[in-house]
Amino acid sequence: MRHPAGLRSPPSVPVLMSMRPSLTSGVLIGSALLLAGSASAETLREAMVRAYQSNPTITGQRAAQRATDENVPIARSNGLPSLQSQAQFTDNVIVANNNFLNPERVATGALQLSVPLYQGGAVKNAVRAAETRVDAGRAQLRGVEANLFTNVVAAYMNVIRDEAIVNLNTRNVNVLETNLRASRDRFQVGDLTRTDVAQSEARLAQARAQLQSAQANLISSRENYVQVVGVAPVGLEQPPALPALPASPNEAVGVALEQNPQLIAARRNADAARYDINVARANRLPRIAAVSSGNYFNYLGSINVPAGAGNVPTSGVNATVGAQLTMPLFQGGRPAAQVRQAEALRGQALENTTATERQVVAQVRSAYAVWQSSQEVIASAESAVRANSLSLEGVRAENSVGTRTVLDILNAEQELLNSQVTLVTARRDAYVAGFALIAAMGNAEARDLGLDGGSLYDPVTNYKRVRNRINDWDGDGEPAPVASTTAGTPAQTAAITRPLDADVNAPVDRSPALTTGASSPNRQ
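Under my numbering, the residues of the sequence shown are numbered 671 to 1194, in order.
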């Protein structure tokens, strides 16, 4: 099995920090710490390492980058010497009797050497265009890497969210089953009506339907995790906190405009298109080459020399050396059309750069807005969970003395469930949006995150390996798949592998101060 070139040991985190401007050093340090934790296979770090090593999207993009690297030696080859050989054997089946110089058989061989001296700048600009596209490809690879990690984070958090929702719905079903049994018992003794029992039955049926839907969502999220990471999720731990993010969307946009890999790739592709214009213009310019040839012939003893004809050679060698000038005079307008075409493609590349810039700006601002909004939703949902927990406790107490109905209890339980689902969903949304913001800013790559689950892929290694190779018979061999298959992974189920976090039931109160109570300065 051939391993792709470009694997090297990961640099240390301090080295990584020096690879970025100081503007984002805080985000970078936080990104590296984001994945710092235990080496358990159930952490977000391990999920990212697995995806980095075996996800087919990233391994395929690495192969595409290696193919892009080959455009440089292909472009350079047009400026290097060319050596060709030719051999021919001829058997004349009919030979004129009166022409002794027409042999029955003849073998010839030739060598032709051509050394380009001047090609109007076509080779130079073609090499520069290829090198610039290599830079663009590396940036594109960085973008694919960041997108992969964003997908891993989303898949990871989706599983955690959906497991919590299944946990909540399972507990809700258990509570409603207990309520239904109690309602039936109280109905038997005449304490409740048939309507109260029917309300409990209806709410239990609804809860079971919600549980089935939650379990289906969990299975879907787990299958998506398998697709992205390559293994089934088992007991996923809560991820570490995100690093400090920019204080404003404008600050985040400023970083993204400098470091977003997709935008960098678009700019480099536009630069490469400028070199393509010069390549097209070179088709109108003269070309000069040094040429040399050597020829050999042998009549293979098949020539009949008449008496008195003297010494007639039956084999020989000749050689020539010279210079060749090719001056285009008229080509039917093709060079001009090629120039106009290259200029139009340059214009397209510039517009693509602007379009990518717009996309990056919108992506950063949207991620920032979702992240901020989710923070507010988390605070509100935590307050709602605390309030609904107290409300449910009070409604149950009041029901025991006859001042609240069974329906009041059912409604209070549903409101508590809804607020808890909102809380776990908002926490997922905030984390995913925050990481997406880091990725859009260009700081969510393996080196930024400090992944140390093995060698990091360095595309420069392969480029250095192939740039100056001129062996026509060189090759890397038949490639073998690098990404792992998931066909043998068992179908996922809705079985719960981790308990419900305690702070979903009783979230910590993060409000500055209460307006009631002994410690409140506003208490009357």
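A virtual CB, placed ideally from N, CA and C, is assigned to each residue, including glycine.
Item, Value
"Beta-carbon contacts of Thr727 that lie in its chain and below 7 Å, excluding the five residues immediately before and after", "Val814 and Leu818"
"Entirely enclosed alpha helix (DSSP H) segments - the segment 728 to 762, minimum 4 residues", "741 to 747"
"Residue burial classification, Thr931 (beta-carbon count within 10 angstroms, cutoff 16)", "Strictly speaking, residue 931 in this sequence is Pro, with Thr absent from that position. The residue in question, Pro931, is buried, as its Cβ has 16 or more Cβ neighbours within 10 Å."
"Rounded Cβ spacing between Ala825 and Asn894 (contact assumed at less than 8 Å)", "5 Å"
"Assigned exposure category for Leu995 - 16 Cβ within 10 Å defines buried", "exposed"
"Identity of the residues DSSP links to Tyr966 by a beta bridge", "Gly779 and Val987"
"Coarse secondary structure for Pro786, derived from DSSP in three states", "strand"
"Spatially closest choice to Pro1177 from Val1091, Asp1146, Arg1066 and Arg1028, by CA coordinates", "Val1091"
"Where the alpha helix (DSSP H) through Ile835 begins and ends", "Ala792 to Gln858"
"Candidates Pro1169, Asp1142 and Ala1116, of which the one nearest Glu716 by Cα", "Ala1116"
"Where Met997 falls, given that 16 or more other Cβ within 10 Å makes a residue buried", "exposed"
"CA-to-CA distance, Ile1140 to Ile764, given in whole angstroms", "46 Å"
"Beta-bridge partners of Arg1097, as assigned by DSSP", "Beta-bridge pairing links Arg1097 to no other residue."
"Closest by C-alpha distance to Gln882, when choosing among Ala1037, Ala1012, Thr1163 and Gln1045", "Thr1163"
"Beta-bridge pairing of Ile958 - partner residues as DSSP gives them", "Tyr788 and Leu995"
"Chain-order list of residues whose beta-carbon lies under 6 Å from that of Asp1099 (same chain, five-residue window excluded)", "Ser1044"
"Coil, strand or helix - Asp946 by DSSP", "helix"
"DSSP-derived helix/strand/coil call for Phe1105", "helix"
"Test item: CB-CB of Ala959 and Leu787 under 8 Å", "yes"
"Rounded separation between Arg1108 and Ala1114 - CA only", "In the sequence as displayed, the identity of residue 1108 is Ile instead of Arg. Distance between the alpha carbons of Ile1108 and Ala1114: 6 Å."
"For Pro1160 and Ile1166, the rounded distance between their alpha carbons", "16 Å"
"Host alpha helix (DSSP H) of Thr1026 (start-end)", "Arg1004 to Ser1070"
"Within 8 Å, strictly: CB atoms of Ala1051 and Leu1093", "yes"
"Exposure of Leu750, with buried meaning 16 or more beta-carbon neighbours within 10 Å", "exposed"
"Buried or exposed (CB count within 10 angstroms, at least 16 for buried), Ser752", "exposed"
"Coarse secondary structure for Met718, derived from DSSP in three states", "helix"
"Distance, Asn1132 Cα to Leu705 Cα", "Low local confidence applies: a pLDDT of 48 at Leu705 is under 50, so the model's placement there is unreliable, with the coordinate-based value given in what follows. Computed Cα separation, rounded: 28 Å."
"Rounded separation between Ser1089 and Ser1061 - CA only", "12 Å"
"Counted within 10 angstroms of its Cβ, other Cβ atoms place Val1174 as buried (16 or more) or exposed", "buried"
"Outcome for Ala792 when other beta-carbon atoms lying within 10 angstroms are tallied against a minimum of 16", "buried"
"Cβ-Cβ distance between Ala993 and Ser963 below 8 Å", "no"
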